[in-house]
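For reference, the structure discussed in these notes is given below.
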Ligand SMILES: [Zn+2]
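Residue numbers (this note's numbering): 465 to 892.
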């Protein structure tokens, strides 16, 4: 007997509605921009990857393969040097390597943190210094008439667009941010941004590449569009953080849609993750946001952070506190202990799970689990179903729903011994 596979409804930031995600035949393409590499990844950066991971795992379980391409920024912002004074020139090459090696180190840390959080690796990664792709893309924009040149670089002409800032809210500081990152006041329009930067005094310490426009480096936004184009002219879901929503993503849209037929949308759905906050404050490195290593040092298992994130919603996260993390760790230990006797198994896909529970105990839990996740990824309810299934094994014969929920939520309780043993006792 076959059943109609449920459709996942996903909120789209572009039109503020949740509608069914309709993958065409074959796999769904996903694209995401990684955090800027100027500082080591902190848990605010990691949170959005857990949300995206649940999206991918849910789709896989429902029978839709995904192709997730992660753009890993590895272009650093060189620190502004002291303006040369008193005739003493600063040495441009003195720090050329250090920023870059730090960026590479931070990209490696991100990779390790995501593994520790049980995040499925992306199918593909490309770094923002994929300069060949960038040059090809800028040339296409040039041929399409969307660029102009100044001696500081090649610029995107937003005056050619009928609309910009699709996610803009009144009162946002988008223009102020743009003015800080785009310093050439001869730009035709305040929204215009660099596609290719010729070296200016601040860029001299950064890496430079040969290009048809002279030596320079990609602008802040172009790498994402150039990299994403390797997935095809259109992408299924673009994921990202709230911080990228106002400033960076509109630039990506402008660049990518400039090469599409008029009126065509580049992205099927925009999935923006809410930032992690402590109270009213967004977690930022400058404000002391902890890294995963900091949490480990304080006695927390990485998966405790995953439980904490699953207890919220990717678009409305509860405040991050150490107290909430302690509670999540207690819940993780309890789940892992129960999972030892539940004999978790290789999880069946949705169709097989539906068939095996049909008319039996377990059907209701499976339905609740499916309904929760297909309703814009309601992980908090889905996690409750897992807790009920493990606490009341009579309602989940053979541990079938537990096995599915463990896998789709990415908790890895099947290796419960390792999880429990790795957690040091918490005092208090
Ligand atoms: Zn991007």
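Cβ atoms here follow ideal geometry from the backbone N, Cα and C, with glycine treated the same way.
Reduced DSSP secondary structure (H/G/I, E/B, other) of residue i
| i | result |
| --- | --- |
| residue 833 | helix |
| residue 513 | helix |
| residue 660 | strand |
| residue 708 | helix |
| residue 583 | coil |
| residue 604 | helix |
| residue 499 | coil |
| residue 854 | helix |
| residue 866 | helix |
| residue 787 | helix |
| residue 805 | helix |
| residue 780 | strand |
| residue 555 | Residue confidence for residue 555 is low, a pLDDT of 32 falling below 50, so the modelled location carries little weight; the figure read from the coordinates is stated next. Correct three-state label for residue 555: coil. |
| residue 876 | coil |
| residue 494 | strand |
| residue 702 | strand |
| residue 839 | strand |
Delimiting residues of the beta strand (DSSP E) encompassing residue i
| i | result |
| --- | --- |
| residue 614 | 611-614 |
| residue 591 | 588-591 |
| residue 482 | 481-484 |
| residue 533 | 530-536 |
| residue 474 | 473-476 |
| residue 732 | 731-737 |
| residue 617 | 617-620 |
Between the CA atoms of residue j and residue i - distance to the nearest angstrom
| i | j | result |
| --- | --- | --- |
| residue 805 | residue 699 | 43 Å |
| residue 733 | residue 839 | 15 Å |
| residue 872 | residue 705 | 22 Å |
| residue 529 | residue 520 | 8 Å |
| residue 731 | residue 701 | 6 Å |
| residue 877 | residue 798 | 10 Å |
| residue 861 | residue 523 | 25 Å |
| residue 509 | residue 499 | 6 Å |
| residue 612 | residue 662 | 13 Å |
| residue 578 | residue 650 | 42 Å |
| residue 857 | residue 686 | 52 Å |
Nearest candidate by alpha-carbon position, reference residue i, set the options
| i | options | result |
| --- | --- | --- |
| residue 605 | 643, 720 and 572 | 720 |
| residue 836 | 536, 495 and 869 | 869 |
| residue 716 | 688, 701 and 517 | 688 |
| residue 572 | 832, 599, 505 and 709 | 505 |
| residue 807 | 824, 866 and 774 | 866 |
| residue 779 | 511, 723, 470 and 794 | 511 |
| residue 589 | 817, 727, 809 and 533 | 533 |
Start-to-end residues for the alpha helix (DSSP H) that takes in residue i
| i | result |
| --- | --- |
| residue 815 | 814-821 |
| residue 682 | Element bounds for residue 682: not the alpha helix (DSSP H) but the beta strand (DSSP E), 680-682. |
| residue 772 | 766-774 |
| residue 761 | 756-761 |
Proximity test, Cβ basis, 7 Å: residue i and chain B
| i | result |
| --- | --- |
| residue 649 | Absence of chain B from the displayed structure is noted, only one protein chain being present. |
Residues surrounding ligand 1 [beta-carbon distance to nearest heavy atom under 5 Å]: 497 and 688
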